[in-house]
Structure formats: C-alpha cells, structure tokens
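Peer 1: Residue numbering for the sequence shown follows our numbering, beginning at 28 and increasing consecutively.
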Amino acid sequence: MDIVHLVILVAAGLGGGFVAGLFGVGGGIIFAPVLFFYYQQIGVSPEALAPLTIGSSLFCTMITAGASAWVQYGKRAVVSRVAVIVGLFSAAIVLIMTRWITTRPWYDGEAFQIVFSIVLLALVVRMVVRFESEPEKDVFDPQRLGGGTLAGTGTAAGAIASAAGVGGGVVLVPAYNHFLRLPMHIATGTSSATIVFISLAGILAYGWLGQGANTPELTLGYVDAIRGLFLAVPATFTAQLGVRTAHRLNQRMLQLLFAALAGIVALRLLWDVAAG
Numbered sequence: 028m029d030i031v032h033l034v035i036l037v038a039a040g041l042g043g044g045f046v047a048g049l050f051g052v053g054g055g056i057i058f059a060p061v062l063f064f065y066y067q068q069i070g071v072s073p074e075a076l077a078p079l080t081i082g083s084s085l086f087c088t089m090i091t092a093g094a095s096a097w098v099q100y101g102k103r104a105v106v107s108r109v110a111v112i113v114g115l116f117s118a119a120i121v122l123i124m125t126r127w128i129t130t131r132p133w134y135d136g137e138a139f140q141i142v143f144s145i146v147l148l149a150l151v152v153r154m155v156v157r158f159e160s161e162p163e164k165d166v167f168d169p170q171r172l173g174g175g176t177l178a179g180t181g182t183a184a185g186a187i188a189s190a191a192g193v194g195g196g197v198v199l200v201p202a203y204n205h206f207l208r209l210p211m212h213i214a215t216g217t218s219s220a221t222i223v224f225i226s227l228a229g230i231l232a233y234g235w236l237g238q239g240a241n242t243p244e245l246t247l248g249y250v251d252a253i254r255g256l257f258l259a260v261p262a263t264f265t266a267q268l269g270v271r272t273a274h275r276l277n278q279r280m281l282q283l284l285f286a287a288l289a290g291i292v293a294l295r296l297l298w299d300v301a302a303g
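What follows is the structure, encoded as structure tokens:
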C-alpha cells in the first residue's frame, strides 16, 4: 500500500466517521465507494470485487457504528429493546442474502454499483424532502412495537446491508422516526446500535463464504480487516464528534450538503457503469 492510498483511506475514515455519528447511517455510504475504487485500482479480480467491497465496508461500519452507539447510549439516546430485536431480524436476513450474493456470478462490480447508487439516491430523497413529524406526535409510542413493524424494518435493513455494504441506516432512521415515533436524535442512536448487529452478521458471513476466494493477501475471506482499519480507526474519533454535533446543531443544512455529496457519488458510480 503506497502513501497516497493510505492518506485516502484515512481521510475517508475521518469523513465516514463524522457522517456515521451525525446521521446514524453507519458510514458505509462513504466506506463502500472508497473501498470499491481502491480495489479497482489495485487490480482485484472482477468476481471478488463486489463481495470484498461489501464485506470490508461492513467491517468498517461495525467499528464506527459501535463507537457512535457507545456515545449515544451514554446520552440515553438508544432504545435497547428496539435495537436488539430489529438487529436480530436484520442479522438473519444478512446471513441468507450473503449466501445468495456470493453464489451468483452476475452480482459483479457493475451490479454492486447500480444497487449502491439506488441506495444513495433513496438517501438523497430522504434528506432533501422534509419528513419531519409534528412536535406533539414526535413521541415514542410503545404500542407501535409490533412484531410486524420491527420484522419489516429489520428485513429491509438487512437486505440493503448485505447487498450494498452499508449498515442499513437509510432504512432504520426514517423507520424509527416515522413508524415508532422516536425523536430524531434517539432514532439516530438506536440506528447506530442496530447497525452493530447487522454489520457483525455480514462480517461473519462474508468472511466465512469468502474462504479460498481470489482476494488480496492478508484478507479473511471477503473481509479486508487490515485496510479496513485504516478507515475504521480514524472514524471512531470523528464518529463521537458527529454525535455531539448532531445533538447541538440544526441538521437541515447539513442534511442538504450531505445529500449533495451522496448524489455526486451515486452519479459517479452510474456514469462508470454507463461508460464501461
């Protein structure tokens, strides 16, 4: 690994950590495209490109989400029961989906780019369009903790995580806020805690199913922990900064700026597919 790649990974880790703490999305929307383009540059085989990107991104996401969740828990911004139940549903879906993805040769780099771009564009819509609850209704309602709601949320988050290498926060945060009526800062904290379960399941699945695959040296199956640490370790510091910022600032302008960033990344990925 040359110094330029090292600097890029560390810088992306710093940015991804801040994003994870601020929005409760895990940071994978930064980690996954950075790792994808990095693996392309170093010549990872086409058949290993998508699963290696996803597995390694989930490794980074787990560490970053864990750091965010720890700070959020200290601020009483995590509903543990919700995080555990949804996390377990999501983990089961991740294990099923990962097996399916790694045995389908058509899910290559281009397919990953398309799926990831769709996730990003959905995130752009969520951040640009106001879905704010009325203040008097923005109160946690225990009656909404039905098994169907939690199972549906977990299923959607797990499917996105296993296919795109993100923690599923793009589903979790709005679901927690709008369906369970969790206030936004608690929805963000609970999302971070849930993502720990989701990403851990993904790491185990991609690590196990990638044994013997044509991947770079020092990887565990489809999980590149060595390079992932250059992203994840810096991210743990900025994740805490992102959490503190989220509790202090009006997020509207930050949401719009981040939506612009996500849109640019999505368009770049789709452009590469069209040009390829």
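Note that CB positions come from ideal geometry on N, CA and C, so glycine has one too.
#1: With DSSP as the reference, label Val250 as helix, strand or coil.
#2: For Ser189, report the span of its alpha helix (DSSP H) as first-last.
#3: With H, G and I counted as helix, E and B as strand and the rest as coil, what does DSSP make of Asn204?
#4: Would you mind sorting Gly229 into buried or exposed? The rule is 16 or more other CB atoms within 10 Å of its CB.
#5: To the nearest angstrom, how far is the alpha carbon of Phe50 from that of Gly269?
#6: To the nearest angstrom, how far is the alpha carbon of Gly54 from that of Phe257?
#7: Smallest Cα separation from Thr125: which of Val250, Leu296 and Val146?
#8: Indicate the three-state DSSP secondary structure (helix, strand or coil) for Tyr134 in the structure shown.
#9: Is the beta carbon of Ala188 less than 8 Å from the beta carbon of Val121?
#10: Just to confirm my understanding: we take Ser160, look at its own chain, exclude 5 residues before and 5 after, and list those with CB closer than 8 Å. What are they?
#11: Can you tell me the Cα-Cα spacing of Arg279 and Ala289, whole angstroms?
Peer 2: Put simply:
#1: Within the sequence shown, numbered from 1, the residue matching residue 250 stands at position 223. It is a strand residue.
#2: In the sequence shown, counting from the first residue as 1, residue 189 sits at position 162. Per DSSP, Ser189 belongs to the alpha helix (DSSP H) from Gly174 to Ala191.
#3: Start at 1 with the first residue of the sequence shown, and residue 204 comes out as number 177. Helix at Asn204.
#4: Counted from its first residue, the sequence shown places residue 229 at position 202. It counts as buried.
#5: Residue numbering aside, residue 50 sits at position 23 when the sequence shown is read from its first letter. Residue numbering aside, residue 269 sits at position 242 when the sequence shown is read from its first letter. Spanning the two alpha carbons is a distance of roughly 8 Å.
#6: Position 27 of the sequence shown, counted from the first residue, corresponds to residue 54. Position 230 of the sequence shown, counted from the first residue, corresponds to residue 257. Taking the straight line joining both Cα atoms gives about 14 Å.
#7: Residue mapping note: residue 125 aligns to position 98 of the sequence shown, counting from 1. Minimum Cα distance to Thr125 is reached at Val250.
#8: Position 107 of the sequence shown, counted from the start, is the residue given in the question as residue 134. Three-state result, Tyr134: coil.
#9: Locating residue 188 in the sequence shown gives position 161, where the first residue counts as 1. Locating residue 121 in the sequence shown gives position 94, where the first residue counts as 1. Yes, Cβ-Cβ distance for Ala188 and Val121 is below 8 Å.
#10: In the sequence shown, counting from the first residue as 1, residue 160 sits at position 133. With a pLDDT of only 46 at Ser160, under the threshold of 50, the placement of this residue in the model should not be trusted; the figure read from the coordinates follows. Around Ser160: Asn204, His205 and Arg208.
#11: The residue you call residue 279 lines up with position 252 of the sequence shown. The residue you call residue 289 lines up with position 262 of the sequence shown. Roughly 15 Å separates the two Cα atoms.
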